[in-house]
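Numbering (my numbering), first residue to last: 758 to 1096.
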Amino acid sequence: MVKVDFSSNVNPLGISTLALETIQKNAFSLSTIYPDTECKALRKSLSDYLKDEIDDEWICVGNGATELIHRFAQTFIRNKALIPFPTFCEYELASERTGANIVFIPLSDLALDPDTIIEKAKNSDAIFLCNPNNPTGLMCNTKLIEKIIESVDNSTKILVDESYIELSDYSPRMHTMTSRIKEFDNLIVLRSMTKSFGLAGLRIGYIICNPNLIKRLSSNQISWNVNGFAQAAGIASLQNLNHLEQSRVLIRKERSFMQEAIKKRTNTFIPHTSDVNYFLIYLENKRSTELRDLILARNGVLVRDCSTFMGMGVKYVRVAVKTHLENLCLIDALESVDN
Ligand SMILES: Cc1ncc(COP(=O)(O)O)c(C=O)c1O
């Protein structure tokens, strides 16, 4: 039985009180009335949140970022897609469904390799770039992303997945690619409120891109794709940005606490550096599935086995940064099987 789940990387503080109270108070109408299929009020709130003069016609909302990854692939990918790896598996699943040829490009020392990406990008419909990346937890220098966008053909759509940027140590406003969105017609930025605002069960993701691309994406939208509870919680979450700020402070403090404690209290578990709300642990003496099964059975602690990420091998697990008491459960569990 899972007592503490470190395998899923959402905001450690969960949903904000304001968002929770809003859906509780309005549960009757949210349950019985059809939601706005265009998410107008939520798009307006997102436009205010994003500033940088991003109007609501530049925003499209989905049932989690995952729905939008699939919609992006369905809309734009016909023949060829490029995926640097290791990364989030949904890019591959979505591209596969289109029947396109997928070209995988290994990261170089866990960083994007823009020269190889540019070289292989010829005749590609799409390139997927995850920043910060999952599972590495590392933020990429935006100069590398800019180099790719500036070098590839304008017909190649570039999806920059910033699902974790608000939970990173970096200022989202200084490091987001939305600041260049007006310059590049082929740039598409993806965000996840599921992750940043702790709405994993409600599910909201959104895309920011040129309105012409939004129109094409909308033609593949299923009506009422985002339910009323999600829209109401999304709007309320954006009215309480303090909650996000508190989460960012907590993540920085707790990640550093966890990494130091693992180094001090264990010998065979090596935490990797990270810029976000999760990090990799290298296992000197165990395989990732063995550790996952062992501490789940003994301690009720679930970690993410990374062997299912292309290129990660069998010696890594990924853990989320949670609240202090929860994090202690992980450290105790690791210490108890450290041999
Ligand atoms: C990089 C990345 N993008 C998108 C998603 C999906 O987010 P959502 O839960 O909003 O569908 C995930 C979930 O793990 C992820 O790791």
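The beta carbon of each residue, even a glycine, is placed where N, CA and C say it ideally should be.
- Short note on S1031: C-beta not closer than 7 Å to any heavy atom of ligand 1.
- Classified as buried, A1077 has 16 or more neighbouring CB atoms from the shown chains inside 10 Å of its CB.
- Contact between G955 and N768 holds, since their C-beta atoms are separated by about 4 Å, short of 8 Å.
- Taking 7 Å as the cut-off, one finds no heavy atom of ligand 1 near enough to the beta carbon of S994.
- Listed in chain order, the alpha helix (DSSP H) elements of length 4 or more contained wholly in the region 865 to 947 are 871 to 877, 899 to 908, 929 to 932.
- Put simply, of P889, E1002, Y848 the residue whose alpha carbon is nearest the alpha carbon of H827 is Y848.
- Taking the Cα of R960 as reference, the smallest distance to any Cα among M950, C966, N969, N967 is reached at M950.
- Using a cutoff of 7 Å, the CB of C1063 does not count as near ligand 1, since none of the ligand's heavy atoms is closer than that.
- The three-state secondary structure of I971, taken from DSSP, is helix.
- In terms of Cβ geometry, V1074 and L1040 form a close pair [threshold 8 Å].
- When distances are taken from the beta-carbon of C887 to the heavy atoms of ligand 1, the shortest one is below 7 Å.
- For G991, the three-state secondary structure derived from DSSP is helix.
- Excluding residues up to 5 positions away in sequence, D809 lie with their Cβ nearer than 7 Å to the Cβ of S936 in the same chain.
- Its Cα nearest to that of G958, the residue V983 stands out among V983, I979, K939.
- Here I859 is near S852, since their CB atoms are less than 8 Å apart.
- At a threshold of 7 Å, F833 does not count as near ligand 1, since its beta carbon sits no closer than that to any of the ligand's heavy atoms.
- The beta carbon of E923 lies closer than 7 Å to those of P929, S953, L1001 in the same chain, with the five residues before and after it left out.
- The beta carbon of L901 sits closer than 7 Å to those of L869, P871, all from its chain and outside the five residues before and after it, given in chain order.
- At least one heavy atom of ligand 1 sits closer than 7 Å to the Cβ of S920.
- Judged by the Cβ position, A851 fails to qualify as a neighbour of ligand 1 at the 7 Å threshold, every heavy atom of the ligand being at least this far.
- Within the DSSP secondary-structure output, P863 pairs in a beta bridge with F842.
- Counting every other CB atom within 10 Å of its CB across the protein chains shown gives T789 a total below 16, marking it as exposed.
- The three-state reading of DSSP puts Y806 in helix, counting H, G and I together.
- Between S1045 and K1079, the CB-CB gap reaches or exceeds 8 Å.
- Beyond the five residues adjoining it in sequence on each side, S1064 comes within less than 6 Å, by CB distance, of S1045, V1071 in the same chain, given in chain order.
- Relative to the non-hydrogen atoms of ligand 1, the Cβ of N766 comes within a distance shorter than 7 Å of at least one.
- Annotation for T951 indicates a beta carbon within 7 Å of some heavy atom of ligand 1.
- Here L1082 is exposed. Its C-beta has fewer than 16 other C-beta atoms within 10 Å.
- Secondary structure note for A851: its alpha helix (DSSP H) is the uninterrupted segment 847 to 854.
- Take the alpha-carbon of N1084 and the one of H1029: they are about 16 Å apart.
- Not one heavy atom of ligand 1 falls within 7 Å of the beta-carbon of R1012.
- Excluding residues up to 5 positions away in sequence, P1028 lie with their Cβ nearer than 7 Å to the Cβ of K1020 in the same chain.
- Only residues of its own chain outside the window of five on either side were considered, and among them A822, L947, R948, S949, K952 have a CB closer than 7 Å to the CB of S920, listed in chain order.
- The Cβ atoms of E824 and G962 lie closer than 8 Å to each other.
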